[in-house]
Each structure stands twice: as C-alpha cells, then as structure tokens.
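Residue numbers (UniProt numbering): 1 to 319.
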C-alpha cells in the first residue's frame, strides 16, 4: 500500500488514474466509510465477466481494512439483495424436497461442478481439481437441463455457445423462451407456479412463512408438470418405472409428505402446524415465530477483537 516494495504508493491519486474517479472524491468516500459504521453490500451479477471475482475479493479486503467486520452494522455482505437477506432466521418448520428412496440419481453418475460445464464439454476426460480432489470430466453427449440459467450465468457466452454444439442432443425443461431454450434441440414446456399445486417458504434466509401455492389456471397449451414428465419418462425407460418414480403417490400426496416432514421439524422447535388437510383447505400462509438468538446474531463476531492484538485462537484460550 505504501509503495515500499515497488516505489508506487497506492494513494488516492494512483487510484484515480485507474478508476476515473476524482482523487478528492476518493478521499471523501474513504473518510465517510471510516468515520461511520459501514456495511459494504454487493450482489453477484458483476462477477459474471472476466476477472469478476476480483470485485468481491476487493469488497472483503476493503471491509477488513476498515476494521468493522464482526461489529453491529459493519463489515460486508454478498447475499443481502434477495429473499429476505439479512432478516433474522425464524424458528421454523422448513420444507423438505423430493428425495425418494430409490438408489441412483446424481449419485450414480459422474458429477461435476455446474460452473465447469463448458470445460467439461471442451475437454472430455480431462483432469481437474475440485475441493482438493483430483477428478476427470465425463464425456457428455446428451444434456437434459432442468433449472438454472447457464447462458446468463457464464462469464463468456460465446465460449459457452461453441461448447454447447458438442453434445449430440440438448433437451431443456423451461417455462419461458430463454437463451438456453433457444439453444436446445428439444424444449419441454414446463408449468409455471400458477399452473400447478406446490408449497414454498418466503425468504431463503428468514424462512418467515410457509405458503400453500394452489393452482390458479390449468396448464396452458402443451405445458406439463415436471413431476409428470419424469414419471412418464421413467415408465418409458423401464416397465413399472412410473410407479417406482412416484412411489405410488400423487402430486398432492407428495406435497403432504413434504408438509408432514416440515411439521415434524417444527415440533422440534416448538412450532406447531395444523394437519395438512386443514392447512391446504385454509389456503393461508403460516408465519413462523421470531427467534431472539437470530436477532442478536452478528456475522463474524468471533473475529472481532475484544482486545488489541488478540487473535481468534488466543481469544478462544482466554474464554
């Protein structure tokens, strides 16, 4: 920072030449940050480009330099822009998902990080590292894409388009005419949340409400529920596959299964839910009780020095 190693002081004038912001304004911003409780907040869209990760690393670095990480109202946050981000987590009955009891699924095949789909298509059989493990990309010849938006997430869209030509067949389950749908060989129109029965929670972070999502209109045109699509595909794959996939349950019975699991989880936190039939008939969202412990939670508070020069390890010994 001081230029002791390279002779270039990283001051406001140095920064102004790079970013185009007046040096006086940079000093004003630095003083504003330093003299007040400052929370640096960002979403993830700006990292979807070359060197995009540098921006988020710099946000964390700046927060560390301000010295407010782990203090009330200070520090940084990268996920406060959606789904109740920052709101205290409630004592809640959290919904489960369709796990099933049959072996197979993603555990029966070679899995790759979704962010490396382009590398996998470009380099089948190639070596890569993930979470400290040495692995090899599979030879992907058929893609069925259900969920996610790879064409808007990837940093180099043209590179993705080139790689996307390599599979022999690309199928996508999609509600809308997205970029990914336009680059698929077969598009299976999936129902929207208005065209099917479902359950959901409000707030990915707060889990504030449990919501019944009753079907509003019949499926439009040729749209099908994903549940039906995969159940019928299972039957075409092998005789009896439909019954094996559904485990003998209808869509509504699966929703009841999810609800009952949430009801059991809620009971462990002294949250009482009505029976499913009563909940579904009432068609009203259920608000979860507040959690005082969550309201007092401060992220990275354990890293906030209680005394000058005290490391986390040393403080643990003092405690």
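Here a beta-carbon is modelled for each residue, glycine too, at the ideal position from N, C-alpha and C.
Notebook entry, point to check: For residue 173, which beta-bridge partners are listed by DSSP?
Noted result: Position 173 of the chain shown, counted from the start, is the residue given in the question as residue 173. Bridge partners of residue 173: 146, 188.
Next item on the list: Within its chain, find whatever has a CB closer than 8 Å to the CB of residue 78; leave out the 5 residues flanking it on each side and keep chain order.
Entry: Locating residue 78 in the chain shown gives position 78, counting from the first residue. Same-chain partners within the cutoff: 41, 42, 43, 44, 56, 59.
Check: How many angstroms separate the CA atom of residue 89 from the CA atom of residue 95?
Finding: Sequence index remark: in the chain shown, residue 89 carries index 89 (1-based). Sequence index remark: in the chain shown, residue 95 carries index 95 (1-based). One C-alpha to the other measures close to 14 Å.
Check: Are residue 1 and residue 12 close, meaning C-beta to C-beta below 9 Å?
Finding: Numbered from 1 along the chain shown, position 1 holds the residue referred to as residue 1. Numbered from 1 along the chain shown, position 12 holds the residue referred to as residue 12. Taking 9 Å as the Cβ cut-off, residue 1 and residue 12 do not qualify as a contacting pair.
Next item on the list: Indicate whether residue 126 and residue 137 have their beta-carbon atoms separated by less than 9 Å.
Entry: Here residue 126 is taken as the residue at index 126 of the chain shown, counted from 1. Here residue 137 is taken as the residue at index 137 of the chain shown, counted from 1. In contact: residue 126 and residue 137 (Cβ atoms closer than 9 Å).
Margin query: Quick check on residue 38: does DSSP put it in helix, strand or coil?
Written below: Reading the chain shown from its first residue, position 38 is the one you call residue 38. Note: residue 38 maps to coil in three-state DSSP.
Check: Between which two residues does the beta strand (DSSP E) harbouring residue 95 extend?
Finding: As a working note, residue 95 is residue 95 in the chain shown. That residue, residue 95, is in no beta strand (DSSP E); it is neither H nor E in DSSP.
Check: Heavy atom of the ligand GTP less than 8 Å from the Cβ of residue 4, yes or no?
Finding: Because no ligand of any kind appears in the structure shown, any question about the ligand GTP cannot be addressed here.
Next item on the list: State the Cα-Cα distance for the pair residue 237 and residue 152, rounded to the nearest angstrom.
Entry: For the purposes of this step, residue 237 is identified with residue 237 of the chain shown, where counting begins at 1. For the purposes of this step, residue 152 is identified with residue 152 of the chain shown, where counting begins at 1. If I take the Cα positions, the gap works out to 32 Å.
Notebook entry, point to check: Relative to the C-alpha of residue 271, which residue among 281, 288, 259 is closest?
Noted result: Position 271 of the chain shown holds residue 271. Of the listed residues, the one whose Cα sits closest to residue 271 is 288.
Next item on the list: Answer yes or no: do residue 199 and residue 213 have a C-beta to C-beta separation smaller than 9 Å?
Entry: Position 199 of the chain shown, counted from the first residue, corresponds to residue 199. Position 213 of the chain shown, counted from the first residue, corresponds to residue 213. Going by C-beta atoms, residue 199 is nearer than 9 Å to residue 213.
Margin query: Taking the beta strand (DSSP E) that residue 211 belongs to, which residues open and close that run?
Written below: Counting from 1 along the chain shown, the entry for residue 211 is found at position 211. Segment 209-213, the beta strand (DSSP E) holding residue 211.
Margin query: Residues in the same chain with beta-carbon distance under 8 Å from residue 320, minus the five sequence neighbours each way, listed in chain order, please.
Written below: An answer regarding residue 320 cannot be provided, because it is not within the stretch 1 to 319 covered by the chain.
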